[in-house]
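In the working numbering, the protein residues as written are 255 to 463.
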């Protein structure tokens with residue numbers, strides 16, 4: 255019925271009933287940002303939303319040449335150098351050393367719970383030369399993410415039901431484009447201060463360990 259139409263399709267749009275219709279009406283089928291839901295969008299709408307995201311010159315810039323192979327070779331040299339000096343174990347080196355690379359792929363997940371159905375940009379690094387070391391660093395930093403103040407999901411807030419916070423408010427904030435707005439230098443300093451809490455007053459990355 256019309257009442258059950260996805261929010262990305264208007265009531266006078268034809269509903270695709272087969273894979274042939276997807277191609278015929280130039281549609282795209284993507285996973286929603288939240289929930290186990292499939293979303294159907296007009297391809298032109300999807301492309302325009304993605305181009306609008308990429309047009310933000312504070313977050314993205316256009317390059318005039320493709321440098322993936324050059325960056326791959328530099329990264330390989332970096333790994334060889336530090337492996338010889340014992341920074342990476344043989345096991346780490348085998349896991350991290352890339353033999354090829356590909357260009358990262360960006361796609362968008364529709365936020366069906368928000369007005370206008372904006373897209374959440376996702377940059378897939380699978381196959382990129384530095385994908386393995388990004389996961390490796392993530393594992394190394396995992397202990398820093400453990401804190402009582404972190405709630406991974408709404409189930410983590412169950413304790414509020416038995417709390418004595420009767421005279422206060424519990425507030426939830428939404429940050430627009432959280433990951434692309436994180437100040438990188440400040441974040442790196444915070445991580446280094448946690449890993450190497452020495453020489454108070456001197457920025458961690460300026461210290462020698």
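Glycine residues also receive a C-beta, built at the ideal position from the N, C-alpha and C atoms.
For residue i, the three-state DSSP class (helix, strand or coil)
i: residue 257; result: Here the model assigns residue 257 a pLDDT of 39, short of 50, so the residue's position is not dependable and the matter cannot be decided.
i: residue 394; result: helix
i: residue 445; result: helix
i: residue 281; result: strand
i: residue 363; result: strand
i: residue 368; result: coil
i: residue 399; result: helix
i: residue 300; result: helix
i: residue 434; result: helix
i: residue 439; result: helix
i: residue 389; result: helix
i: residue 415; result: helix
i: residue 409; result: helix
i: residue 275; result: helix
Range covered by the beta strand (DSSP E) that runs through residue i
i: residue 296; result: 292-296
i: residue 373; result: 373-378
Distance between beta carbons of residue j and residue i, contact taken as under 8 Å
i: residue 280; j: residue 364; result: With 8 Å as the limit, residue 280 and residue 364 do not qualify as a contact, their Cβ atoms being about 17 Å apart.
i: residue 332; j: residue 355; result: About 14 Å; that fails the 8 Å criterion.
i: residue 373; j: residue 303; result: 5 Å
i: residue 352; j: residue 386; result: 7 Å
Of the residues the options, the one placed nearest residue i, counting alpha carbons only
i: residue 326; options: 441, 449, 381 and 318; result: 381
i: residue 320; options: 306, 300 and 358; result: 358
i: residue 398; options: 368, 350, 436 and 448; result: 448
i: residue 366; options: 274, 278, 284 and 276; result: 284
i: residue 198; options: 274, 412 and 348; result: Residue 198 lies beyond the range of the chain shown here (255 to 463); nothing can be said about it.
i: residue 206; options: 290, 411, 307 and 297; result: Missing from the structure shown is residue 206; the chain here goes from 255 to 463 and no further.
i: residue 377; options: 360, 401 and 446; result: 360
For residue i, the first and last residue of its enclosing alpha helix (DSSP H)
i: residue 350; result: 344-350
i: residue 325; result: 322-338
Counted within 10 angstroms of its Cβ, other Cβ atoms place residue i as buried (16 or more) or exposed
i: residue 424; result: exposed
i: residue 294; result: buried
i: residue 450; result: exposed
i: residue 444; result: exposed
i: residue 370; result: exposed
i: residue 342; result: buried
i: residue 437; result: exposed
i: residue 362; result: buried
i: residue 216; result: Look at the range of the chain in this structure, 255 to 463, and you will see that residue 216 is not part of it.
i: residue 427; result: exposed
is_contact[residue i, chain C] using C-beta, thresh 8 Å
i: residue 392; result: Reference to chain C is not applicable here, since this structure consists of a single protein chain.
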